[in-house]
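Shown next, in structure tokens, is the structure this report addresses.
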Amino acid sequence: MLSTRSIFQEIRRDPRAFQLLMSIAAKGETQGGWENERIAALTPDPALARKVLRHGADETKHGLMFSKLLRKTGLDEVPVPADADYCMMLERRGIGLPHDRLGRDEPLGLEEILQYLVHSKVTEERAFDEVDRLLRVFGDDAELAPSLRVIAEDEINHLSYAHEELLKLSGQGHRDRIAQMLKAYALAEIRVYRDVGLAFVRHMAALLGWSRPKQSLLKLGVSAAYVLERTFAWRRLAALRPPLRSNAMGS
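If you're matching positions, the sequence shown starts at 1 in UniProt numbering and goes up one per residue.
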């Protein structure tokens, strides 16, 4: 039977498929760490800059953890296919701050701070869900589970921080702009997630020798999930709520 558990367990058992999965995870986290480090350097508010820097340090740590999991199995990271690179595909959709902007030593304006925080909120919702899914599959895996639990705890902090900062700015008169950006970013992210999911199926099928019917079923599942999210679940990605942890990224 095709299920999330059976698919990921199959990937876990195959060295090349596991190598690609961990490489995708490591690259996304490492890139997020660099982006947050640059944003912290360009953020005029020292208190916010410290939180952004801590966010980046956590993501860099996660990238190192995924790389270490690979090395423990005697494997190195492999290049991530462009069509499976979630972070770069989001940038090409205009989500978040582009790399050429982060390369300039100019302080960020309010609109750019909002872009960063909305991007963080939407993508951290996704990251929280993804790590939770991996924990449900690998919760009894002695090698993977400890790292995944650490990352899951950090994701709660990251998501709490994004909600808290956006709620603070909403109360300062930016509610309508934030709501507009959250909807636009959520809808764009859902499409990118669908495209990356389809690419992931293609690449894993090539590595694992999946039959055409199996590929078709998995792609149908990805497309069906997209329709549901596009119709209903985008509201959860775009909704602001009280943080689970107050001052989660503070001192």
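Heads up, the beta-carbon is just placed ideally off N, CA and C, and yes, glycines get one too. Predicted model only: the values in this text are computed from it and were never measured.
Pull up the distance between the alpha-carbon of Pro242 and that of Phe18, whole angstroms please. Their Cα atoms are separated by approximately 37 Å.
Put Ala40 into one of helix, strand or coil per three-state DSSP. Helix, per DSSP.
Starting from the C-beta of Leu75, find all residues in its chain whose C-beta is less than 7 Å away, skip the five residues before and the five after it, and write them out in chain order. Pro15, Gln19
Secondary structure at Ile95, three-state DSSP: helix, strand or coil? Looking at Ile95 - three-state DSSP - the assignment turns out to be coil, as it is neither helix nor strand.
For Met65, report the span of its alpha helix (DSSP H) as first-last. 46–72
By the three-class DSSP mapping on this structure, what secondary structure does Asp14 have? coil
Glu106 by DSSP, collapsed to three states: which one? coil
Mind checking Phe232: buried by the 16 CB within 10 Å criterion, or exposed? Phe232 comes out exposed.
Would residue 313 be called buried (16 or more neighbouring beta carbons within 10 Å of its own) or exposed? Look at the range of the chain in this structure, 1 to 251, and you will see that residue 313 is not part of it.
Check whether the Cβ atoms of Gly28 and Asp85 lie closer than 9 Å to each other. yes
Tell me the DSSP secondary structure of Asp141 in three-state form. coil
Start and end of the alpha helix (DSSP H) containing Gly221? 212–228
Given a threshold of 16 other Cβ atoms within 10 Å of its Cβ, counted over all protein chains shown, does Asp106 qualify as buried or as exposed? Correcting the residue identity first, residue 106 is Glu in this sequence and not Asp. Burial call: exposed.
Candidates Gln215, Arg194, Gly33, of which the one nearest Ser3 by Cα: Gln215
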